[in-house]
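Novice: Right, I'll just put the structure down here and ask away after.
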Amino acid sequence: MNNMEVIKQTFFHECEEQLAELESGLLTIESGNSDPELVNAVFRAVHSIKGGAAAFGYDELVDYVHTFETTLDLVRSGTIQATPPVVKVLLHASDVLSDLVNAVRAEAEWDRAQVAETKQSLLNTRAQQDFD
Numbered sequence: 003m004n005n006m007e008v009i010k011q012t013f014f015h016e017c018e019e020q021l022a023e024l025e026s027g028l029l030t031i032e033s034g035n036s037d038p039e040l041v042n043a044v045f046r047a048v049h050s051i052k053g054g055a056a057a058f059g060y061d062e063l064v065d066y067v068h069t070f071e072t073t074l075d076l077v078r079s080g081t082i083q084a085t086p087p088v089v090k091v092l093l094h095a096s097d098v099l100s101d102l103v104n105a106v107r108a109e110a111e112w113d114r115a116q117v118a119e120t121k122q123s124l125l126n127t128r129a130q131q132d133f134d
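When we follow the working numbering, the leftmost residue of the sequence shown carries the number 3, and every step to the right adds one.
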């Protein structure tokens with residue numbers, strides 16, 4: 003295995019850790035704990051995945067993660083409240099992110115329709131907050 007492959011494997015291993023932290027954090031938020039440090043940790047997990055994906059040129063992954071990250075940033079800033087419907091969308095987005103990372107890692111196809119639908123759900127969540 004060449005050096006670049008080793009680095010990619012390290013990235014994907016770190017993605018597994020970040021995804022576990024993301025899911026755990028979102029489940030804690032779902033239970034009613036929206037401590038700012040917890041929200042920051044969830045944001046950082048997604049941000050870290052985006053940074054690594056960008057470094058390897060995984061543009062479609064970066065695009066999806068950017069939308070997810072921006073939504074989390076709005077939760078972090080208090081612009082969007084972590085209400086049960088919002089957390090439900092974030093948990094689903096986390097599951098889709100996990101599937102997408104696994105597909106990219108395996109160099110396999112992924113459900114592009116599901117990724118697009120989930121991305122749109124994140125955008126809709128942001129838009130709905132503008133009217134509340």
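Ideal placement from N, C-alpha and C gives every residue a C-beta, glycine not left out.
(1) Under 8 Å by Cβ, that's how I've got Q20 and I51 pegged, so tell me the actual separation to the nearest angstrom.
(2) Measuring CA to CA, which of D101, L92, K121, D97 is closest to V41?
(3) Relative to the alpha-carbon of H94, which residue among A110, H49, L24 has its alpha-carbon at the smallest distance?
(4) Would you mind reading off the limits of the alpha helix (DSSP H) that contains I82?
(5) Under 8 Å by Cβ, that's how I've got A56 and V64 pegged, so tell me the actual separation to the nearest angstrom.
(6) Compare the Cα-Cα distances from Q116 to each of T73, E32, S96 and report the closest residue.
Specialist: In short, the structure shows the following:
(1) Position 18 of the sequence shown, counted from the first residue, corresponds to residue 20. Position 49 of the sequence shown, counted from the first residue, corresponds to residue 51. 5 Å between Cβ atoms; contact.
(2) Residue 41 sits at position 39 when you count from the first residue of the sequence shown. Residue L92 is the option with its Cα nearest to V41.
(3) As a first step, residue 94 must be located in the sequence shown, where it is residue number 92. Nearest option by C-alpha distance: L24.
(4) Counted from its first residue, the sequence shown places residue 82 at position 80. Counted as a single uninterrupted DSSP element, the stretch harbouring I82 is not any alpha helix (DSSP H), since DSSP gives it neither H nor E.
(5) As a working mapping, residue 56 is identified with position 54 in the sequence shown. As a working mapping, residue 64 is identified with position 62 in the sequence shown. 5 Å between Cβ atoms; contact.
(6) For the purposes of this step, residue 116 is taken as residue 114 along the sequence shown, with counting starting at 1. Checking every option, the nearest Cα to that of Q116 belongs to S96.
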